[in-house]
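Protein chains in written order, with our numbering: chain G, 9 to 358; chain D, 9 to 358.
From the three backbone atoms N, C-alpha and C, an ideal C-beta is built for every residue, glycine too.
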């Protein structure tokens, strides 16, 4: 009996066959990088950042059942996502990503096709941003697959970077795009309501998140020095900036870019948008004229304009406070809150 | 009721409490690194290699039940091991390790103490080699804990490196230390024979493997250009050099540094030593005078002398061959063979 190409379980193909096949896939990838000295196939990979550049490193791990489900995303989307969350960390620093390392631990029951599709998803995104996958590791994880990716990026110098501890009173707070789409996508999948109005954008935001790399680099170019990516929701992440910078903030509910489709479909749309997480838009603070300068750079590259959602102010006491100015113009203290991986149940976050 | 410090399950402590505690642990670590620009606590970490140096990157993942078992190793040993396997990849390149990134996915039922012990194990080894842990990731993995570590190292230039494809006919083959100790340690644990003669050295080799960083750097200094670390056993790893370099080899059984305690205790001692793996000694090839030069450098630093075990020769046909000259001086073709993660049963390799 003939088995369809790529349908063999990887326990039959074996680690070494699989590594050889994936190395070929990587070698065939069309990204040529001047600084590449030694690619996959040796104990470690070599690359050299251009002289005078600062190396920026990030890592993120995706665990089956926690960060992805095979019945909700196909392997291509999972590969995309594994790289995307790391590229988003580069965007969150304003860095230009250069190389990625992919470690994959598999159950052994996945098909070859699953592995190739995973790499295809990662490679497609890598190509888009001229990132080279320079190496990795493959091993067994009998109970749940794990993908762990590390990305190296470059910065012009160590001052031109988006940090969390540089918010200053008088800064305005802005985001690069809509809030809550990814969380709404997870919710739609949980409820089996994948045909509601606006669902394609929600599902795409969850399955194929787009790192805001260009925006991050332009923000740094414009002179923004404080920023991060929104992975734990606005009310989970903004407090990290406030505490690191020793400041407070007021956010205006009527300014939050929450898509209408989320408001219409989910009664708890405000929580979804502010605490749902995984949006990977950038959150940043800067003086208003710097934000306007950034908006001008965005416009020139036809990127959506950043949205100002509030402002930074001095602390009143020892603690950072986050105040929400509600739709009825009353003010409310916002409890700091984010998705907590260890307390939440697997596969239900959002 | 009072709970002992560190005995809370981490599902109670929560991800953010744990990240804060671990960040403190890392900040208190005494390694000061000139190139460090921004440490843990932001979206990514920054570091800058000294001008003119080449960055070398490696990653390795440890999965519970596959690469470690909590009943065989304590958390400190697991933390040590997670970093050690990566440092060994640096040693295998002849690179000087500088920074590490640690991603940890936990079941949620581990105690706080487990996590701190894990980091203590990693930090102790990091201190020893002046490596700075500059960041990481923490998430949930309900069915098996996973530790994924990425290390960045430096090389003087891209020629001064140990590669797999630089073995030349006429080279001798050498290793930096004994073979089979780690595999014998795993075997002793499997059989419950942890009190046999020589067991402490075997168990230590499995639990707290020592990366041969100094040896790797000295080999490069001496002019060695071909080498790797032995993670899949001599007969699993030497073929990788032979195939990458397009050469064949003869290994002399009587020259293999196999400790007497392994020969005495295990009937299959020869397979244990040549196919067991996880020894993390370095395997390298070079002209005899270069190896003697390296031996001189080793001696000056009171490191054990490298052991010559065979020689490289030209291929006879299209295929690389590995010949074993046995104790009775007869010759035997060695089938290439290594531990295959996807075909082997979890927790039994060695």
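Check: Neighbour-count burial assignment, residue 198 (chain G), 16 or more Cβ in a 10 Å radius; Outcome: exposed
Check: Interface flag, residue 236 (chain D) vs chain A, CB-CB below 7 Å; Outcome: No chain A appears in the structure shown, which is made up of the protein chains G and D.
Check: Minimum Cβ-Cβ distance from residue 55 (chain G) to chain D less than 7 Å; Outcome: yes
Check: Per-residue DSSP class, three states only, for residue 17 (chain G); Outcome: strand
Check: Inter-stretch contact at 8 Å, needing at least 3 Cβ pairs: the region 59 to 75 of chain G / the region 136 to 156 of chain G; Outcome: yes
Check: CB contact check: residue 315 (chain G) to chain D, cutoff 7 Å; Outcome: no
Check: Under the three-state DSSP convention, the category residue 11 (chain G) falls into; Outcome: Unreliable positioning characterises residue 11 (chain G) in this predicted model, as indicated by a pLDDT of 47, which lies under 50. The coordinate reading is nonetheless provided below. Reduced to three states, the DSSP call for residue 11 (chain G) is coil.
Check: Helix, strand or coil at residue 311 (chain G) [DSSP, three-state]; Outcome: coil
Check: Host beta strand (DSSP E) of residue 113 (chain D) (start-end); Outcome: 104 to 114
Check: Segment limits, alpha helix (DSSP H) that includes residue 282 (chain G); Outcome: 277 to 283
Check: Runs of beta strand (DSSP E) wholly within the region 183 to 269 of chain G (minimum 3 residues, chain order); Outcome: 234 to 237 and 255 to 260
Check: Span separating the alpha-carbon of residue 125 (chain D) from that of residue 65 (chain G); Outcome: 25 Å
Check: Near the ligand ATP: residue 289 (chain G) beta-carbon under 6 Å from a heavy atom; Outcome: Among the components modelled here there is no ligand, and therefore nothing to report on the ligand ATP.
Check: Sequence-distant residues of its chain with Cβ nearer than 7 Å to residue 222 (chain D) (five each side left out); Outcome: 309 and 311
Check: Residue burial classification, residue 165 (chain D) (beta-carbon count within 10 angstroms, cutoff 16); Outcome: exposed
Check: 8 Å Cβ cut-off: residues of chain G touching residue 75 (chain D); Outcome: 147
Check: Residue 317 (chain G) burial status per 10 Å Cβ neighbour count (16 or more: buried); Outcome: buried
Check: Range covered by the beta strand (DSSP E) that runs through residue 51 (chain D); Outcome: Neither: residue 51 (chain D) is in no beta strand (DSSP E) and is coded neither H nor E.
Check: Segment contact, 8 Å Cβ cut-off, at least three pairs: the region 239 to 251 of chain G with the region 206 to 221 of chain G; Outcome: no
Check: One or two residues paired with residue 3 (chain D) in a DSSP bridge; Outcome: Residue 3 (chain D) falls outside the range modelled here, since chain D spans only 9 to 358, and no answer is possible.
Check: Neighbour list for residue 66 (chain G) in chain D, Cβ cutoff strictly below 9 Å; Outcome: 51, 52, 53, 109, 143 and 145
Check: Endpoints, alpha helix (DSSP H) assigned at residue 154 (chain G); Outcome: Taken as a continuous stretch (DSSP letters only), residue 154 (chain G) belongs to no alpha helix (DSSP H), being part of the beta strand (DSSP E) at 154 to 163.
Check: Spatial neighbours of residue 211 (chain G) in its chain, beta-carbon cut-off 6 Å, leaving aside the 5 residues before and after; Outcome: 193
Check: Whole-Å CB distance - residue 333 (chain G) paired with residue 258 (chain G), under 8 Å assumed; Outcome: 6 Å
Check: Minimum Cβ-Cβ distance from residue 63 (chain G) to chain D less than 7 Å; Outcome: yes
Check: 7 Å Cβ cutoff, residue 69 (chain G) in contact with chain D; Outcome: yes
Check: Backbone CA spacing between residue 201 (chain D) and residue 285 (chain G) [nearest angstrom]; Outcome: 51 Å
Check: CA-to-CA distance, residue 331 (chain D) to residue 342 (chain D), given in whole angstroms; Outcome: 6 Å
Check: Unbroken beta strand (DSSP E) run spanning residue 144 (chain D), endpoints; Outcome: 140 to 148
Check: Where residue 282 (chain G) meets chain D, residues with beta-carbon distance less than 9 Å; Outcome: What residue 282 (chain G) touches in chain D: nothing, since even the nearest Cβ is about 17 Å away.
Check: Buried or exposed by the 16-neighbour rule on C-beta atoms within 10 Å, applied to residue 120 (chain G); Outcome: buried
Check: Buried/exposed call for residue 11 (chain G), threshold 16 Cβ in 10 Å; Outcome: Because the pLDDT of residue 11 (chain G) is 47, which lies under 50, any placement of that residue in the model is unreliable, and the question is left without a value.
Check: 8 Å Cβ cut-off: residues of chain D touching residue 163 (chain G); Outcome: 54
Check: For residue 183 (chain G) and residue 99 (chain G), the rounded distance between their alpha carbons; Outcome: 13 Å
Check: The region 101 to 114 of chain G in contact with the region 214 to 230 of chain G per 3-pair CB rule at 8 Å; Outcome: yes
Check: Beta-carbon neighbours of residue 154 (chain D), restricted to chain G and to distances below 8 Å; Outcome: 69, 71, 113, 149, 154 and 156
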